[in-house]
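A.B. asks:
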Amino acid sequence: MQLTGDRFTSSSAAFGNDLSTLPNFPAEIRAPQGTLPGVSSFQVHFADHDILTPGDAPDVLVAMNPAGLKANLPDMRAGTTVIVDSHDFTGRNLVKAGYAENPLEDDSLSDWAVTPVDLTGMTVEAVKEFGLSRKDAARAKNMFALGLLSWMYGRPTETTVDFLEKRFAKNPAIRDANVTAFNAGWAFGETTEAFAVRYEIKPAPMEAGTYRNITGNLALAYGVVAAGVQSGLPVFLGTYPITPASDILHELSKHKRFGITTFQAEDEIAGIGAALGASYAGSLGVTSTSGPGVALKSETIGLGVMTELPLLVIDVQRGGPSTGLPTKTEQADLLQAMFGRNGESPVPVVAPQSPGDCFDAAIEAARIAVTYRTPVMLLSDGMLANGSEPWRVPEIADLPVIDPDFATALNHTTTGKDGAETQDFWPYLRDPDTLARPWAVPGTPGLEHRIGGLEKGDGHGNIAYDPANHDFMVRTRQAKIDRIAESLPPLEVDDPSGKAKVLVLGWGSTYGPIGAAARRVRKAGLDVAQVHLRHLNPFPNDLGDILKRYDAVLVPEMNLGQLSLLLRAKYLVDAVGYNHVRGLPLKAAELAEAITDLITTTTGDSLVPTRGADEVLTGKDFTSDQEVRWCPGCGDYAVLKAVQGFLPDLGLRRENIVFVSGIGCSSRFPYYLDTYGMHSIHGRAPAIATGIATTREDLSVWVVTGDGDALSIGGNHLIHAMRRNVNMTILLFNNRIYGLTKGQYSPTSEPGKVTKSTPSGSVDHPFNPVSLALGAEATFVARTVDSDRKHLTSVLEAAAAHRGTSLVEIYQNCPIFNDNAFEAIKNPDTKADAIIPLVHGEPIRFGVEASKGIARDPQTGGVRVVDGDDPDVLVHDAHADDPTTAFALSRLTDAGVLHQSPIGVFRQVERATYDDDARQQLVTAEQGEGGDPQEALSALITGNDTWTVV
Numbered sequence: 011m012q013l014t015g016d017r018f019t020s021s022s023a024a025f026g027n028d029l030s031t032l033p034n035f036p037a038e039i040r041a042p043q044g045t046l047p048g049v050s051s052f053q054v055h056f057a058d059h060d061i062l063t064p065g066d067a068p069d070v071l072v073a074m075n076p077a078g079l080k081a082n083l084p085d086m087r088a089g090t091t092v093i094v095d096s097h098d099f100t101g102r103n104l105v106k107a108g109y110a111e112n113p114l115e116d117d118s119l120s121d122w123a124v125t126p127v128d129l130t131g132m133t134v135e136a137v138k139e140f141g142l143s144r145k146d147a148a149r150a151k152n153m154f155a156l157g158l159l160s161w162m163y164g165r166p167t168e169t170t171v172d173f174l175e176k177r178f179a180k181n182p183a184i185r186d187a188n189v190t191a192f193n194a195g196w197a198f199g200e201t202t203e204a205f206a207v208r209y210e211i212k213p214a215p216m217e218a219g220t221y222r223n224i225t226g227n228l229a230l231a232y233g234v235v236a237a238g239v240q241s242g243l244p245v246f247l248g249t250y251p252i253t254p255a256s257d258i259l260h261e262l263s264k265h266k267r268f269g270i271t272t273f274q275a276e277d278e279i280a281g282i283g284a285a286l287g288a289s290y291a292g293s294l295g296v297t298s299t300s301g302p303g304v305a306l307k308s309e310t311i312g313l314g315v316m317t318e319l320p321l322l323v324i325d326v327q328r329g330g331p332s333t334g335l336p337t338k339t340e341q342a343d344l345l346q347a348m349f350g351r352n353g354e355s356p357v358p359v360v361a362p363q364s365p366g367d368c369f370d371a372a373i374e375a376a377r378i379a380v381t382y383r384t385p386v387m388l389l390s391d392g393m394l395a396n397g398s399e400p401w402r403v404p405e406i407a408d409l410p411v412i413d414p415d416f417a418t419a420l421n422h423t424t425t426g427k428d429g430a431e432t433q434d435f436w437p438y439l440r441d442p443d444t445l446a447r448p449w450a451v452p453g454t455p456g457l458e459h460r461i462g463g464l465e466k467g468d469g470h471g472n473i474a475y476d477p478a479n480h481d482f483m484v485r486t487r488q489a490k491i492d493r494i495a496e497s498l499p500p501l502e503v504d505d506p507s508g509k510a511k512v513l514v515l516g517w518g519s520t521y522g523p524i525g526a527a528a529r530r531v532r533k534a535g536l537d538v539a540q541v542h543l544r545h546l547n548p549f550p551n552d553l554g555d556i557l558k559r560y561d562a563v564l565v566p567e568m569n570l571g572q573l574s575l576l577l578r579a580k581y582l583v584d585a586v587g588y589n590h591v592r593g594l595p596l597k598a599a600e601l602a603e604a605i606t607d608l609i610t611t612t613t614g615d616s617l618v619p620t621r622g623a624d625e626v627l628t629g630k631d632f633t634s635d636q637e638v639r640w641c642p643g644c645g646d647y648a649v650l651k652a653v654q655g656f657l658p659d660l661g662l663r664r665e666n667i668v669f670v671s672g673i674g675c676s677s678r679f680p681y682y683l684d685t686y687g688m689h690s691i692h693g694r695a696p697a698i699a700t701g702i703a704t705t706r707e708d709l710s711v712w713v714v715t716g717d718g719d720a721l722s723i724g725g726n727h728l729i730h731a732m733r734r735n736v737n738m739t740i741l742l743f744n745n746r747i748y749g750l751t752k753g754q755y756s757p758t759s760e761p762g763k764v765t766k767s768t769p770s771g772s773v774d775h776p777f778n779p780v781s782l783a784l785g786a787e788a789t790f791v792a793r794t795v796d797s798d799r800k801h802l803t804s805v806l807e808a809a810a811a812h813r814g815t816s817l818v819e820i821y822q823n824c825p826i827f828n829d830n831a832f833e834a835i836k837n838p839d840t841k842a843d844a845i846i847p848l849v850h851g852e853p854i855r856f857g858v859e860a861s862k863g864i865a866r867d868p869q870t871g872g873v874r875v876v877d878g879d880d881p882d883v884l885v886h887d888a889h890a891d892d893p894t895t896a897f898a899l900s901r902l903t904d905a906g907v908l909h910q911s912p913i914g915v916f917r918q919v920e921r922a923t924y925d926d927d928a929r930q931q932l933v934t935a936e937q938g939e940g941g942d943p944q945e946a947l948s949a950l951i952t953g954n955d956t957w958t959v960v
């Protein structure tokens, strides 16, 4: 559906219409089709005049199934057109969408002009000559619908046909089927009598120039490229994949010719650390993220403030807090951007107002960062990131020049006691106009100096703990940020009549809804002024005077009033907040009502039942009421069924089982088990599980994680949990790809892996999770495969029975972004040679008819492949205290396409557990001290050195 909307948008933009779009899709890669949570929609508002928003209420709805109808019908005004694919209004689909009756067969849709069209049936008939399966043929129905809409609105067809021919050039049957379906949809509109009206939307008058359709994330990436060109600096993007900012990484990875290096780090902290290091070395350091990532980056941003280095921090805001709503928009990171660091740590904050404006905002943020030697927060959001609009391509000559002004010479004269003068370099001797310190990069002879997170003395930059100096430096860093306001242009106030008493003040992506709402209010005969902020710290110098000119100020935001709070604090203005946090853009009509109400007020113008404790449980009892939402064919399904199948055999109460997960596709796991569960934050599940296991001996604690979640951002927590031997069972789903963020390489991807973030191939060497676990001396380490239910279940049962940390690596297929990654060990023709089965007490043999074996290599101390009848074939001992042999066996796993991989339990030994020992210390202390707890508390707080006053 997103592709269909994008094509209609592109043809409308090429036709000359002004437009604005709102893609809206679930957080899952492929949510369950036909359900309300699985509805993916694309809204486009186009016109023959300039427009500002994707629109509040569509004029035409195309519903591909009952769920699409039910999810979007509430937004449709009475009398508008609704086209439905009647083919998919089956009993099963109606039930999935929550319909008790077929709405096409009763009068529940009488308020709308509903036209049922057999989109699927006509599409299948139109493309039957290409020999596709019915399923593949039916997929082309989106193109049939696109053809119908293109006829209805007179859209040009050439751009879409050309796109389809290029997109599917390697698959002629699919190419021809989609083109044929598109043309069939157009022909149906031309010949049917079902539609009485065809609409003509003329091109919109626009300023002369070259235009293209652009999304906010693409514009941000281009802005970063432009900033590098205009400053002459190489660009270094240190980042970590996160929705909805990953497209910036994908795009910048394509542009190495501009001197752009992209570094997909192991986590958010490493990403910004590398970016700051690159800045120190003389590059334009950039990092991109969303809200949760900003929280992780805050310490390094503070380091950037203290070291006064240029750094561009792009925050594409999404619904929060915590993981929140990854694919929905929000503006709730403003206060985090302003104050989310320790100490007095001011940073400039810049916010674009539209998708196209993201380009200029990126250049502006880079200008401030380089000129004033400071980290800069750039606040975009999901609406801008994924939305699009026609963008007038700027003339390169019109772009601002950014001067890095590197320090190249000594800058200070020191006079000795003897009157002799010496020249030296002071790293904190500031520019009198900007208060920026000199940027001297390593490799510049004679300017050697040290910077860091400790407070520095004014000018000379040596470590200084003097109170007066600290106070001076804090005030100086603040004054430097304040001085940025002197370089900002005056605010543009939109007050056509000059008589308005009410001012609407916004920032970021609220620009469109505010502008559209103001137009409605003025059209109704009322006066209202509008001003929009790009710079949120510092505020422009003339903002205070503008606020004083109006009797009332309305501040619309997609948060609970963060800008309002700042305005009240700084200007003592009674800012009235208009606040919605729905994960969707503000609606112009609703905002217009709020503006009208304020004008009138100001001027006078007008629960689930529990099971019995003794009940015998089955796998069904461990199945929650949550709908499982993974892509069709995902290996996660097999693991879930296996876990649900053997949990009853553990003899545990459901209430005594806890599943903790991090972030990733597999991290949905806790939702689908009718036990206690926590879907936590990225990479932190082992730490959270440690707290649970240490404080609750009665609980069976499980961690569900993935190769990205556990081995990148959460690698340290995983290692320490295994080192400590905490009582938890860790299921590490390894699909060798980042699936949730749509296809970047992961810490287990093979060398040379080509992904969206590594178009030239990954240069990373992968982790071997089993080797890592054995190196951390985990007491239970195993590997299994999602497709072998019997082996999977037996390994998981053994892991669950083990006391201590159990690590089970599960080879799990991702059919969308890394299909057939484990082909060698699953293919019947190759798996005998690829799988090396490990069974305690059995000789390690593999291959057809056990023709190969594993023996000790006397030269290396490791192991090697020998003939199956070799007398030196090892007998597997999973209970050996020394993990050396188990580690050697783990190294048989090749780092590439897994032509060879041991499967089974590598190590299973007993060792004291951290949580048992920690609890025993408490017991020992309590038994030793004894007595009443309250008396003990009284003695503690009284101490031994007291006096009595009478």
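In terms of the numbering used here, the sequence shown opens at residue 11 and continues consecutively.
Note that the Cβ used here is the ideal one computed from N, Cα and C, for glycine as well.
These numbers were taken from a predicted model, which means no experiment stands behind them.
How would you call Thr620, buried or exposed, if buried means at least 16 neighbouring beta carbons within 10 angstroms?
C.D. replies: At Thr620, the pLDDT of 37 sits below 50, so the modelled position is not reliable; the number obtained from the coordinates is stated separately. By the 10 Å Cβ count, Thr620 comes out exposed.
A.B. asks: Buried or exposed for Tyr209, please, with buried defined as at least 16 other CB atoms from any protein chain shown within 10 angstroms of its CB.
C.D. replies: Label assigned to Tyr209: exposed.
A.B. asks: Suppose contacts are defined by Cβ-Cβ distances below 8 Å. Is Pro166 in contact with Ala24 by that definition?
C.D. replies: Yes.
A.B. asks: Can you tell me the Cα-Cα spacing of Asp476 and Val484, whole angstroms?
C.D. replies: Cα-Cα distance, rounded: 12 Å.
A.B. asks: Where DSSP assigns a beta bridge to Tyr686, which residues make up the other side?
C.D. replies: Tyr686 pairs with Val668.
A.B. asks: Is Ala860 helix, strand or coil by DSSP?
C.D. replies: Of the three classes helix, strand and coil, the one that applies to Ala860 here is helix, per DSSP.
A.B. asks: Report whether the distance from the Cβ of Ile826 to the nearest heavy atom of the ligand NAP is below 7 Å.
C.D. replies: This structure lacks the ligand NAP, and indeed carries no ligand of any kind.
A.B. asks: Which residues in the same chain as Glu567 place their Cβ atom closer than 6 Å to its Cβ, once the five residues preceding and following it in sequence are excluded?
C.D. replies: So the list reads Gln341, Leu573, Asn589, once near-sequence residues are dropped.
A.B. asks: Could you check if Ala430 is buried or exposed, using at least 16 other CB atoms within 10 Å of its CB as the buried criterion?
C.D. replies: Result: exposed.
A.B. asks: Determine the contact status of Thr803 and Phe656, defining contact as a CB-CB distance below 8 Å.
C.D. replies: Yes, they are a contact pair.
A.B. asks: Taking Trp517 and His542 to be in contact with their CB atoms under 8 Å, please state how far apart those CB atoms are, rounded to whole angstroms.
C.D. replies: The pair is a contact, with the Cβ atoms about 7 Å apart (cut-off 8 Å).
A.B. asks: Is it buried or exposed, Thr125, if we count other Cβ atoms within 10 angstroms and call 16 or more buried?
C.D. replies: Thr125 is exposed by the Cβ-count criterion.
A.B. asks: Given a cut-off of 8 Å, decide if Pro452 and Arg383 are closer than it, judged by their beta-carbon atoms.
C.D. replies: For Arg383 and Pro452, no; Cβs fall outside 8 Å.
A.B. asks: With DSSP as the reference, identify every bridge partner of Ala562, one or two as the case may be.
C.D. replies: Looking at the DSSP assignment, Ala562 forms a beta bridge with Val512.
A.B. asks: May I ask you to report which of helix, strand or coil DSSP gives Thr45?
C.D. replies: Coil at Thr45, not helix or strand.
A.B. asks: Locate the beta strand (DSSP E) running through Val591, then write down its first and last residues.
C.D. replies: Careful: Val591 lies outside any beta strand (DSSP E) and carries neither H nor E.
A.B. asks: In chain order, what residues of the same chain have a beta carbon less than 8 Å from the beta carbon of Val876, not counting five sequence neighbours either side?
C.D. replies: Closer than 8 Å at the Cβ level, and outside the excluded window around Val876, lie Lys862, Gly863, Ile864, Ala865, Asp882, Val883.
A.B. asks: Among the candidates Phe435, Ile311, Phe52, whose CA atom is the shortest distance from the CA of Asn472?
C.D. replies: That would be Phe435, whose Cα lies nearest to the Cα of Asn472.
A.B. asks: The alpha helix (DSSP H) that contains Phe743, what's its start and end?
C.D. replies: Here Phe743 belongs to no alpha helix (DSSP H); instead the beta strand (DSSP E) covers 738-744.
A.B. asks: Kindly indicate the opening and closing residues of the alpha helix (DSSP H) around Leu286.
C.D. replies: 278-290 is the span of the alpha helix (DSSP H), which, as asked, contains Leu286.
A.B. asks: Quick one, which of Val780, Phe273, Ala237, Lys466 has its alpha-carbon nearest Thr895's?
C.D. replies: The shortest Cα separation from Thr895 among Val780, Phe273, Ala237, Lys466 belongs to Val780.
A.B. asks: Going straight from the alpha carbon of Thr220 to that of Ile211, what length do you get?
C.D. replies: Whole-angstrom Cα-Cα distance: 21 Å.
A.B. asks: Restricting to Cα atoms, I'd like to know which of Asp186, Lys264, Val70 is closest to Val235.
C.D. replies: When each option's Cα is compared against that of Val235, the closest is Lys264.
A.B. asks: Could you tell me the distance, in whole angstroms, from the CA atom of Asp584 to the CA atom of Arg578?
C.D. replies: Approximately 6 Å, taken between the alpha carbons.
A.B. asks: Please report the straight-line C-alpha distance between Tyr521 and Trp640, rounded to a whole angstrom.
C.D. replies: For Tyr521 and Trp640, the distance between alpha carbons rounds to 36 Å.
A.B. asks: Classify Ala13: buried if its beta carbon has 16 or more other beta carbons within 10 angstroms, exposed otherwise.
C.D. replies: Before going further, note that residue 13 is Leu rather than Ala in the sequence given. Flag for Leu13 reads exposed.
A.B. asks: On the CB-based measure, 16 or more other CB atoms within 10 Å of its CB, does Ala946 come out buried or exposed?
C.D. replies: Burial call: exposed.
A.B. asks: Under 8 Å, do Ser293 and Val357 count as touching if we go by C-beta distance?
C.D. replies: No; because the gap between Cβ atoms is not below 8 Å, this pair is not in contact.
A.B. asks: Taking the CB atoms as reference points, tell me whether Asn227 and Ile258 lie closer together than 8 Å.
C.D. replies: Yes, the pair counts as a contact, with Cβ atoms nearer than the cut-off.
A.B. asks: Do the region 300-310 and the region 338-352 make contact, defined as three or more Cβ pairs closer than 8 Å?
C.D. replies: The region 300-310 vs the region 338-352: in contact.
A.B. asks: For Phe482, which option in Asn726, Phe52, Gly469 has the closest C-alpha, if you only look at C-alpha atoms?
C.D. replies: Of Asn726, Phe52, Gly469, the residue nearest in Cα terms is Gly469.
A.B. asks: From what residue to what residue does the alpha helix (DSSP H) around Ser722 run?
C.D. replies: First-last for Ser722: undefined, no H or E at that position.
A.B. asks: In whole angstroms, what is the alpha-carbon distance linking Gly749 and Leu742?
C.D. replies: Near 14 Å, if we compare the C-alpha coordinates of Leu742 and Gly749.
A.B. asks: Check for me: the alpha helix (DSSP H) holding Asn806 runs from which residue to which?
C.D. replies: Here residue 806 is Leu; the residue named in the question, Asn, does not match the sequence. It spans 799-811 - the alpha helix (DSSP H) in which Leu806 sits, taken as one unbroken run.
A.B. asks: At which residue ranges does the region 101-140 contain complete alpha helix (DSSP H) runs of 4 or more residues, listed in the order of the chain?
C.D. replies: Whole alpha helix (DSSP H) segments, 4+ residues: 101-107, 129-136.
A.B. asks: When DSSP labels each residue in this structure, what does Asp343 get in the three-state scheme?
C.D. replies: In the structure shown, Asp343 sits in coil (DSSP, three-state: anything other than H, G, I, E or B).
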